[in-house]
DNA sequence: ACAACCTCCTGGGGGC
DNA sequence: TGCCCCCAGGAGGTTG
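Residue numbers (our numbering): 7 to 283.
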């Protein structure tokens, strides 16, 4: 599931394969995947002829700069893929946008489960878009400090896990890396936000940064069908310490605990009851 | 204001 | 073998 490291991997791929190319024929197929009031024909008209500039990211959102100051935003949801393929590569009913590029290849947006979406900001003010207006500080941004994390958690009674998943606070963490960060920090996913000590918040901040940086270096985690731009699975899956490991032994040296799975806000949480308190 | 649910969607897997 | 049900979860919406 594309969280920050997977989206960053896609961003790097697109920066190589898409930046500098012109979009010369665009087909959009589903109005319900377009935010900001767009429909397919208008989006096709607006995109056609634009040249792709820099590719950025905030949280799990891709920010694709276009000529004339427009910006295309893309969220991959659960199963979304945005990649540059050969023009002969087959497409299916889950392919929702195809843009032929000036170099003979094509940009393809495919998303079977359709939790993803696209939004064009013709005015070049993506910060006010439907997509980004509720998205907080990127988890890898310099401005995301332990102090900022402490401010976000202060006074809240919700479990820490819920706060980490809330994109309005810190953006980019999903279910996998929330579990992994809490394990590394040795903090119970059920601990109320406001009850963490300063030291625990510092540990949590450090754990978030480290697990995300390691996952970026490994080109993400492949659970079901995410692949990197090169079409290969991410390598971080083998380094997960709790996610998906229910019933297995804790990997922390000297810990005899067994990983448990609980459900929090309808989502699986994996943790070690022996080392997370 | 905040927290706890519900909803959208499809493919894959388990059980019978 | 085939069918049905459940499960995965990002994020916005609704309810309390």
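Idealized CB from N, CA, C, for every residue including glycine.
All values derive from a computational prediction rather than experimental measurement.
- Considering only 10, 275, 253 and 272, the residue with the shortest C-alpha distance to residue 265 is 253.
- Residue 201 holds the alpha-carbon nearest to the alpha-carbon of residue 163 among 201, 153, 74 and 191.
- Taken in chain order, no unbroken stretch of beta strand (DSSP E) lies wholly in the segment 139-223 with a span of 3 residues or more.
- With respect to the 8 Å criterion, residue 85 and residue 226 are not classified as neighbours on the basis of their beta carbons.
- In chain order, 217, 246, 247, 248 and 249 place their CB closer than 7 Å to the CB of residue 186, counting only its own chain and leaving out the 5 sequence neighbours on each side.
- In the DSSP assignment, the residues bridged to residue 57 are 28.
- Between residue 28 and residue 71, the C-beta spacing is not below 8 Å.
- Between residue 89 and residue 192, the CB-CB gap reaches or exceeds 8 Å.
- Shown here, residue 246 sits in coil according to DSSP, grouped into three states, outside any helix or strand.
- The residues 158, 159, 162, 175 and 199, in chain order, have a CB closer than 7 Å to that of residue 169 in the same chain once the five nearest residues on each side in sequence are set aside.
- Proximity to residue 255 across 122, 140 and 279 peaks at 279, based on C-alpha coordinates.
- Residue 181 counts as buried, since no fewer than 16 other beta carbons sit within 10 angstroms of its beta carbon.
- Between residue 24 and residue 61 a beta carbon distance of about 7 Å is seen, short of the 8 Å cut, so the two are scored as contacting.
- Looking at the backbone, the Cα of residue 209 and that of residue 165 are separated by about 16 Å.
- Scanning its chain for C-beta atoms nearer than 6 Å, with the 5 sequence neighbours on each side dropped, one finds around residue 211 the residues 152 and 155, in chain order.
- Residue burial is scored here from C-beta neighbours: residue 67 has at least 16 other C-beta atoms within 10 angstroms and is therefore classed as buried.
- Our two residues, residue 41 and residue 262, have alpha carbons roughly 49 Å apart in a direct line.
- In the structure shown, the three-state DSSP call for residue 127 is strand.
- Counting the other CB atoms within 10 Å of its CB gives residue 65 a total of 16 or more, which places it among the buried residues.
- When the Cα atoms are used, residue 111 and residue 26 turn out to be separated by approximately 13 Å.
- Under the DSSP assignment, residue 80 falls in the beta strand (DSSP E) whose first and last residues are 77-81.
- In this structure, 49 is the residue among 91, 49 and 106 with its C-alpha nearest to the C-alpha of residue 79.
- Short of 6 Å from the beta carbon of residue 173, and not among the five residues preceding or following it, lie these beta carbons of its own chain, in chain order: 65 and 141.
- In terms of Cβ geometry, residue 8 and residue 82 form a close pair [threshold 8 Å].
- The beta carbon of residue 197 lies closer than 6 Å to those of 166 in the same chain, with the five residues before and after it left out.
- A residue is called buried once 16 or more other Cβ atoms fall within 10 Å of its Cβ, and residue 135 is buried on that count.
- Residue state for residue 275 is assigned as strand, using DSSP reduced to three classes.
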